[in-house]
Structures are given as structure tokens and as C-alpha cells.
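Asks: To convert, note that position 111 of the sequence shown is 111 in the UniProt record's numbering; the numbers rise steadily by one, no gaps.
Just so it is clear, CB atoms sit at the ideal spot from N, CA and C, and this is done for glycine as well.
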Amino acid sequence: MVGDGVLSVGPDGGSGGSGGGFQVDPDELDGAAQTAGSVAEQVPGGTSRVLGASDEAEGGLRGWSTGSELDACTDEWKRLLDDLSAEMDRQGDNLRQTAANYRRAEQDAASGLAGR
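(1) By a C-beta neighbour count over all protein chains shown, 10 Å radius and 16 as the cutoff for buried, is Pro26 buried or exposed?
(2) Under 8 Å, with one C-beta from each stretch per pair, do the stretch 51 to 62 and the stretch 95 to 109 reach the 3-pair mark?
(3) Could you give the residue range of the alpha helix (DSSP H) that holds residue 134?
(4) The alpha helix (DSSP H) that contains Gly60, what's its start and end?
(5) Have a look at Glu58 and Thr66 and give me their C-alpha separation to the nearest angstrom.
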């Protein structure tokens, strides 16, 4: 239904029919985008806590090969968590843009039906 904020697409790509289609709620996409952004913001703080604990443990392992291995492992975890944070941020942006695109399509469809 045009105007309710939810876009329904049938299996043939049209907006009618039954089964096999999908619905999109732009507000849900925006909510997911907000969650992704929130996670992206929280990751660096968690990374700092991990690094601090690891640095402390490394201090007690000076001279042991496990100290350098722990350092290498911690560096790799930091790199992966930084990548995760950046990816979550990108996905949040993509979800926000997708929600905006669906809203624009809904408005365009409503305008077309009204003969504007």
C-alpha cells in the first residue's frame, strides 16, 4: 500500500501477488543503522581495555618469547577490531542511505499516483 511507509515487493518484482516477496520498513532500517553506529562507537573503548590488560601482562613476561607473541596477538586483535568498527560504521551509513532511498521511492510512487 502506498503511503504506509512499508514497501512490499512480490516475487515477480511487482507490488502485488502472494508469497516469495518482501517488505521493507525504512524506520527499521534506520534503527538497524543506529545500532550499527552505536556498536562502531563502542568498539574502540573495548579495544583500549584489551590493550591495557595485554600490555600489563606483557610487562610480566619480559624476556620470555610468550611476551612478544602476546604483543603480536594483541596487535592483530586491535587491527581486526578497528576493521570491525569501520565496517559497522560503513554498514550503518549504507542502511541509512537505503532507508532514504525507499522513502524517496515511496514518495515518487505516491506523486505518480496523484498525477503530479
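Replies: Checking against the coordinates, here is how it stands:
(1) Buried, because 16 or more other Cβ atoms sit within 10 Å of the Cβ of Pro26.
(2) No, the stretch 51 to 62 is not in contact with the stretch 95 to 109.
(3) Residue coverage of the chain in this structure runs from 1 to 116, which leaves residue 134 outside it and unanswerable.
(4) No residue range can be given for Gly60, since it is assigned to no alpha helix (DSSP H) and is classified by DSSP as neither H nor E.
(5) Taking the straight line joining both Cα atoms gives about 8 Å.
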